[in-house]
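Asks: Numbering (UniProt numbering), first residue to last: 1 to 316.
Input: one structure, supplied below.
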């Protein structure tokens, strides 16, 4: 049946090519409304039309029998394909200009997806449920049926009908299922676990949860200890640096505070000063005393001071 439908589409496409050439032989002719030509409704104005809007179906049309509905769908599908199939060269007006090939391809894909949904009774039922379900439909929820009851599943579906995660395009199984068990079977392609299996594995699951919790807690403790050690090391480093600076200040940063240290600094500064002042063209002056002479003179003065101090102590 599908191959026959494809042959009919190919024939209609070829006929459209001939019609297109006849209609557009001159540029002065008015653009043709192909929807009217094929006795179709206008394309929906919404950016994301529903499958029913694409085929121009109303709630009244959905009351038809399956056979009648399929005939209507097939007729409109063939007409829409004649207009929007990528291989056709029909000129379609869109927003004051000619529709691009990309836009035609996008509409063709939407037509194909809508047709696949509506011609399949099971998918059509799921799509109807997706289109009409909202939390406003939820009455008083007793919860007597249990956690996995059909009532619980329907309430959950109404509560999450607006979420993108459960869009028909993202999770068709969510709208096709009638119970949690059906949803699990469709989603994972295997039967849901029985109560006995859950009871059998609950201790393994509990042990796994506890093990993961203990592991996470241990990692947190190790991380806290590591950060504490880093803080202590940094504090110790700062203390050592402070002690080093303090000891250097006590020792005058290596220069010392004794008389000999002061004399050594004086001699060093004296030599550097004498060297900086010496110039080749300078008139010869009386030579400056050497370091040895200065040290000898300094030592004699210190000895004289000590002698006077001892003499004064002897008188007393």
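In this text, a Cβ means the ideal position worked out from N, Cα and C, and glycines have one as well.
Owing to the predicted nature of the structure, the values given are computational and were not obtained by experimental measurement.
#1: Is residue 213 helix, strand or coil when you go by DSSP?
#2: Going by alpha carbons, who is nearest to residue 85 out of 74, 102 and 248?
#3: Specify, as a first and last residue, the run of the alpha helix (DSSP H) that residue 176 falls within.
#4: Taking the straight line between their C-alpha atoms, what separation do you get for residue 200 and residue 206?
#5: Look at the Cβ atom of residue 32, then the Cβ atom of residue 110, and state whether they are nearer than 8 Å.
#6: On the premise that residue 175 lies in contact with residue 115, defined as a C-beta separation below 8 Å, what is that separation, rounded to the nearest angstrom?
#7: Taking residue 121 as part of the alpha helix (DSSP H), name the residues at either end of that continuous run.
#8: Could you tell me which residues DSSP puts in a beta bridge with residue 98?
#9: What do you get for residue 127, buried or exposed, if any count of 16 or more other CB atoms within 10 angstroms of its CB means buried?
#10: What are the complete alpha helix (DSSP H) segments, minimum 4 residues, inside the segment 43-98?
#11: DSSP on residue 39, reduced to helix/strand/coil?
#12: With a cut-off of 8 Å, do at least 3 Cβ pairs link the segment 177-196 to the segment 153-163?
#13: Should residue 245 be labelled buried (16 or more other beta-carbon atoms within 10 Å of its own) or exposed?
#14: Could you pull the start and end residues of the alpha helix (DSSP H) that residue 183 belongs to?
#15: Rounding to the nearest angstrom, what Cα-Cα distance links residue 94 and residue 35 in this structure?
#16: Using DSSP with H/G/I as helix, E/B as strand and the rest coil, what is residue 242?
#17: What number of angstroms, rounded off, separates the C-alpha of residue 295 from the C-alpha of residue 303?
#18: Below 8 Å on the Cβ atoms is my guess for residue 121 versus residue 58; work out the distance and round it to an integer in Å.
#19: So, does the segment 67-81 touch the segment 36-49, judging by three or more C-beta pairs under 8 Å?
#20: Straight-line CA distance for residue 226 to residue 211?
#21: In this structure, does DSSP put residue 248 in helix, strand or coil?
#22: Taking the straight line between their C-alpha atoms, what separation do you get for residue 224 and residue 214?
#23: Note down the Cα distance separating residue 97 from residue 71, rounded to an integer number of angstroms.
#24: For residue 133, which residues from the same chain have a beta carbon less than 7 Å from its beta carbon, with the 5 sequence-adjacent residues on both sides left out?
Replies: By the coordinates alone:
#1: Translated into the one-based positions of the chain shown, residue 213 becomes position 213. Looking at residue 213 - three-state DSSP - the assignment turns out to be helix.
#2: Numbered from its first residue, the chain shown carries residue 85 at position 85. The shortest Cα separation from residue 85 among 74, 102 and 248 belongs to 102.
#3: As a working note, residue 176 is residue 176 in the chain shown. Unbroken alpha helix (DSSP H) run through residue 176: 172-176.
#4: Counted from its first residue, the chain shown places residue 200 at position 200. Counted from its first residue, the chain shown places residue 206 at position 206. Taking the straight line joining both Cα atoms gives about 11 Å.
#5: Taking the first residue of the chain shown as position 1, residue 32 is located at position 32. Taking the first residue of the chain shown as position 1, residue 110 is located at position 110. Not closer than 8 Å, so no.
#6: In the chain shown, counting from the first residue as 1, residue 115 sits at position 115. In the chain shown, counting from the first residue as 1, residue 175 sits at position 175. With a Cβ gap of about 18 Å, residue 115 and residue 175 do not count as contacting.
#7: On the chain shown, position 121 is the one that residue 121 refers to. In this chain, the alpha helix (DSSP H) harbouring residue 121 covers 121-132.
#8: Counting from 1 along the chain shown, the entry for residue 98 is found at position 98. DSSP output for residue 98 lists 93 as bridge partner(s).
#9: Here residue 127 refers to the residue found at position 127 of the chain shown. Here residue 127 is buried: its Cβ has 16 or more other Cβ atoms, across all protein chains shown, within 10 Å.
#10: For the segment 43-98, whole alpha helix (DSSP H) runs of length 4 or above, ordered along the chain, are 51-54 and 66-84.
#11: Within the chain shown, numbered from 1, the residue matching residue 39 stands at position 39. Here residue 39 sits in coil by DSSP.
#12: Contact holds: three or more Cβ-Cβ distances are below 8 Å.
#13: Position 245 of the chain shown, counting from 1, holds the residue named residue 245. Within a 10 Å sphere around the beta-carbon of residue 245 sit fewer than 16 other beta-carbons, which makes this residue exposed.
#14: Within the chain shown, the letter at position 183 stands for residue 183. Residues 180-188.
#15: Here residue 94 refers to the residue found at position 94 when the chain shown is read from its first residue. Here residue 35 refers to the residue found at position 35 when the chain shown is read from its first residue. A straight line joining the alpha-carbon of residue 94 with that of residue 35 spans about 13 Å.
#16: Translated into positions along the chain shown, residue 242 becomes position 242. DSSP places residue 242 within a helical segment (H, G or I) once states are collapsed to three.
#17: Taking the chain shown and counting its residues from 1, the one referred to as residue 295 is at position 295. Taking the chain shown and counting its residues from 1, the one referred to as residue 303 is at position 303. When rounded, the distance between both Cα atoms is 12 Å.
#18: Within the chain shown, the letter at position 121 stands for residue 121. Within the chain shown, the letter at position 58 stands for residue 58. Contact between residue 121 and residue 58 does not hold, since their C-beta atoms are separated by about 19 Å, which reaches or exceeds 8 Å.
#19: Contact between the segment 67-81 and the segment 36-49 is present, with at least three C-beta pairs closer than 8 Å.
#20: Here residue 226 is taken as the residue at index 226 of the chain shown, counted from 1. Here residue 211 is taken as the residue at index 211 of the chain shown, counted from 1. Approximately 22 Å, taken between the alpha carbons.
#21: Against the chain shown, residue 248 aligns to sequence position 248. The answer is helix: DSSP assigns residue 248 an H, G or I state.
#22: For the purposes of this step, residue 224 is taken as residue 224 along the chain shown, with counting starting at 1. For the purposes of this step, residue 214 is taken as residue 214 along the chain shown, with counting starting at 1. Going from the Cα of residue 224 to the Cα of residue 214 covers about 15 Å.
#23: If you number the chain shown from 1, residue 97 lands on position 97. If you number the chain shown from 1, residue 71 lands on position 71. Straight-line Cα distance between these residues: approximately 34 Å.
#24: Taking the chain shown and counting its residues from 1, one reaches residue 133 at position 133. Hits under 7 Å: 157, 158 and 161.
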